[in-house]
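Asks: So that we are looking at the same thing, I have put the structure below in structure tokens.
In this note's numbering, the protein residues as written are 14 to 416.
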């Protein structure tokens, strides 16, 4: 770890990462066949040691972790922020900013109508509590009893609900579409970088860990906000995207469709070392064990930049492959295009026999680890790209859960 700290101070981030991996392997975390975890000693906690090291290393190098409301971007050479629990973000398209103000203005409704709301709440399940932000769009008096869709939005590492809402512009679009949006906040106690723990087996299963907590939160919002249970969706960025894919696989009875932006396939890692490997693009053989016994597969829309240096773009193909596994024959239909800001993309629709798009994949040319088409008022966004939030909502609205 001493060598890795020195390398980090010298700016040798790739070499530092490799040194960390060697140190972890030396502590008996080496997997003999590269496919699964091995047992560690009771006294060794790799996550605790890794997080402690990174805190010391980044402090020594002069790089602080993201602090909502206090972070000021520095030059690209020193813009190092942990993401995905392991790798670093150092890209021109990643733009950490201070926590934005609440994006909903005070709009008074007409008589009988309901005003929009942007509120803070908390939810407890199985002894664990999550804070969350909830956006409820306005509605006219004549549709006040109509059930509406819901999107669960899972932020990336170091982010928070306000930041994620501002960067994705999801509330603005949800207002137009009449969609309720909930943004849970990962706690620093659960993960020092506030990542969703997608790489731990206890958080990859139905009825356990974070999937159980997030599904229960979602169902509580469905009940309290008069949401249509057949139109409930989940989307996320990076670690949030990886957790969204897990939720889609283990709770297909809750989530009708899934959006994965710059994420990883469910089951692609089972510990810190395999997480590093998966993020760097090593073949993972993502486990199907994370899936629920329910044979249904939630439709998936995927976005990934082909210049993503944090989560290898090959992971997008893994998400697509898992989403197609077990389905009847689908026909891929590919198109090339450009966003209104000129960024090119390759989009592939995988169409089933009924003419429905089961999986939609966007490869973003030249894009890094950032939410495509987002606003610079939030962190890790690329305003040049196609509007991922709008495209996800379009995809979601076309995919209610089938009986």
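The beta carbon of each residue, even a glycine, is placed where N, CA and C say it ideally should be.
Measure the C-alpha to C-alpha separation of residue 219 and residue 233 and round it to an integer number of angstroms.
Replies: 17 Å
Asks: By the DSSP assignment, the beta strand (DSSP E) with residue 334 in it spans what residues?
Replies: Counting along the chain, residue 334 falls outside any beta strand (DSSP E), though it belongs to the alpha helix (DSSP H) covering 327 to 337.
Asks: Excluding sequence positions up to five away, which residues of its chain have a Cβ less than 6 Å from the Cβ of residue 327?
Replies: The beta carbon of residue 327 sits closer than 6 Å to those of 294, all from its chain and outside the five residues before and after it, given in chain order.
Asks: Name the DSSP beta bridge partners of residue 373, please?
Replies: 314, 362
Asks: Helix or strand or just coil, what does DSSP make of residue 126?
Replies: Residue 126: coil per DSSP, three-state reduction.
Asks: Please work out which residues of its chain come closer than 6 Å, Cβ to Cβ, to residue 168, disregarding the five sequence neighbours upstream and downstream, and give them in chain order.
Replies: Residues 177, 253 of the same chain have their beta carbon placed closer than 6 Å to that of residue 168, with the five preceding and five following residues left out of the count.
Asks: Between residue 180 and residue 350, is the Cβ-Cβ spacing less than 8 Å?
Replies: Against a cut-off of 8 Å, the Cβ pair of residue 350 and residue 180 comes out as no contact.
Asks: Can you find the residues in the same chain that come closer than 6 Å, C-beta to C-beta, to residue 365, ignoring five residues on each side of it along the sequence?
Replies: 343, 371
Asks: Have a look at 209, 243, 194, 193 and flag the residue whose alpha-carbon is nearest the alpha-carbon of residue 200.
Replies: 209
Asks: Can you give me the C-alpha to C-alpha distance between residue 340 and residue 310, rounded to a whole angstrom?
Replies: 8 Å
Asks: Report the rounded CA-to-CA distance for residue 250 versus residue 315, giving the unit in angstroms.
Replies: 10 Å
Asks: Helix, strand or coil for residue 400? Go by DSSP, reduced to three states.
Replies: coil
Asks: If you drop the 5 nearest sequence neighbours on each side, which residues of the same chain put their C-beta closer than 6 Å to that of residue 404?
Replies: none
Asks: To test your reading of the DSSP string, which unbroken alpha helix (DSSP H) runs of 4 or more residues are found completely within the segment 162 to 232?
Replies: 174 to 181, 183 to 190
Asks: Can you tell which of 184, 239, 400, 412 has the C-alpha that lies nearest to the C-alpha of residue 367?
Replies: 412
Asks: Counting along the chain, where does the beta strand (DSSP E) carrying residue 243 start and finish?
Replies: Unbroken beta strand (DSSP E) run through residue 243: 240 to 250.
Asks: In angstroms, rounded to a whole number, what distance separates the CA positions of residue 3 and residue 291?
Replies: It is not possible to answer for residue 3, since the shown part of the chain is limited to 14 through 416.
Asks: Note down the Cα distance separating residue 207 from residue 174, rounded to an integer number of angstroms.
Replies: Rounded to whole angstroms, residue 207 to residue 174 spans 11 Å at the Cα level.
Asks: Could you compute how far the alpha carbon of residue 401 sits from the alpha carbon of residue 329?
Replies: 15 Å
Asks: Excluding the 5 residues preceding and the 5 following residue 359 in the sequence, name in chain order all residues of the same chain whose CB lies nearer than 6 Å to its CB.
Replies: 349, 376
Asks: Where does residue 357 sit, in a helix, a strand or coil, going by DSSP?
Replies: strand
Asks: Going by beta carbon distance, what residues of the same chain come within less than 7 Å of residue 229, once the five residues before and after it are set aside?
Replies: Only 138 meet the Cβ criterion.
Asks: Please go through the same chain and pick out, in chain order, the residues whose beta-carbon is closer than 7 Å to the beta-carbon of residue 46, but skip the five residues on each side of it.
Replies: Reliability fails at residue 46, whose pLDDT of 37 lies under 50, so the model's placement of it is uncertain and the value that follows must be treated cautiously. Excluding sequence neighbours, residue 46 sits near nothing in its chain.
Asks: Residues bridged to residue 351 by DSSP?
Replies: 357
Asks: Can you give the Cα-Cα distance for residue 258 and residue 140, rounded to whole angstroms?
Replies: 24 Å
Asks: Around the Cβ of residue 415, are there at least 16 other Cβ atoms within 10 angstroms (buried) or fewer (exposed)?
Replies: exposed
Asks: For residue 156, is the classification buried or exposed, using 16 other Cβ atoms within 10 angstroms of its Cβ as the cut-off for buried?
Replies: exposed
Asks: Output the residue ranges of the beta strand (DSSP E) runs that lie fully inside the segment 258 to 296 and measure 3 residues or longer, sorted by chain position.
Replies: Fully enclosed beta strand (DSSP E) runs of 3 or longer: 270 to 274.
Asks: Using the Cα positions of residue 248 and residue 274, report the straight-line distance between them to the nearest angstrom.
Replies: 8 Å
Asks: Within 10 angstroms of the Cβ of residue 130, are there 16 or more other Cβ atoms? Answer buried if so, exposed if not.
Replies: Residue 130 counts as exposed, since fewer than 16 other C-beta atoms from the protein chains shown sit within 10 angstroms of its C-beta.
Asks: Give me the residue from 407, 381, 260, 185 with the minimum Cα distance to residue 319.
Replies: 381
Asks: What is the DSSP secondary structure of residue 141, reduced to helix, strand or coil?
Replies: The three-state secondary structure of residue 141, taken from DSSP, is strand.
Asks: Of all the options 363, 324, 271, 296, which has the alpha carbon lying nearest to the alpha carbon of residue 346?
Replies: 363
Asks: What is the DSSP secondary structure of residue 415, reduced to helix, strand or coil?
Replies: coil
Asks: Please confirm whether residue 396 and residue 335 have their CB atoms less than 8 Å apart.
Replies: no
Asks: Using the three-state DSSP reduction, which class does residue 235 fall into: helix, strand or coil?
Replies: helix
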